[in-house]
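Heads up, the sequence shown stops at 317 in the working numbering, and the numbers go up one at a time, no gaps. Where is the CB? At the ideal position from N, CA and C, for every residue including glycine. Data first, discussion second: the structure below is written as structure tokens.
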Amino acid sequence: ADARAAHEEERSRLAAEVVELQQSLTGLDHRAVQAEAQRRQLQTQVDSQETAAAQEVAEVVSRAEEAEEAVRRAEQREAALAERLAIAEADADRGAAELRSQLVAAEKRVEDQRGAPSAALALAKDELSAT
């Protein structure tokens, strides 16, 4: 009877231990489910942050490309303006040279016209004196 009581006591202790282990396993299962849910939530956050970062990088790259294009267009405009300025300066130099030439010719005509009446007057005086 003692062996049977000891056997029953051992069986009861083992049953209690099994119940305790089952409860522990249930707690572990519950924690595993919570950990998996948390892992999924964190993965969703990481995915979202990666998507946002990729979008931000794409926007920065796009703005950089737009800025490079604007610089290229500005350089082209600057080159075109420099070319037009060089042409305008050359035209101005030619115009100034032509005006200088016209001025010299006009001064010569004025000089010639000033001398012409004096010569005509002297000739007329000579003719009057001769008569």
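Whole angstroms is fine: what's the gap from residue i's alpha carbon to residue j's?
{"i": "S248", "j": "E261", "result": "20 Å"}
{"i": "V219", "j": "A238", "result": "29 Å"}
{"i": "E269", "j": "A276", "result": "11 Å"}
{"i": "A283", "j": "L271", "result": "18 Å"}
{"i": "A266", "j": "R280", "result": "21 Å"}
{"i": "R286", "j": "K294", "result": "12 Å"}
{"i": "E255", "j": "V243", "result": "18 Å"}
{"i": "L228", "j": "Q208", "result": "30 Å"}
{"i": "A192", "j": "V205", "result": "20 Å"}
{"i": "A316", "j": "A310", "result": "10 Å"}
{"i": "I273", "j": "Q288", "result": "22 Å"}
{"i": "Q224", "j": "G213", "result": "16 Å"}
{"i": "E203", "j": "A240", "result": "54 Å"}
{"i": "Q235", "j": "V246", "result": "16 Å"}
Less than 7 Å between C-beta atoms, sequence neighbours within five positions excluded: which residues of the same chain meet that for residue i?
{"i": "E196", "result": "none"}
What are the start and end residues of each continuous alpha helix (DSSP H) run of 4 or more residues lying completely inside the stretch 256–299, in chain order? For the stretch 256–299, not a single whole alpha helix (DSSP H) run of length 4 or above is found.
What ranges does the alpha helix (DSSP H) occupy inside the stretch 202–267, keeping only unbroken runs of at least 4 residues that lie completely in it? Complete alpha helix (DSSP H) runs here, min 4: none at all.
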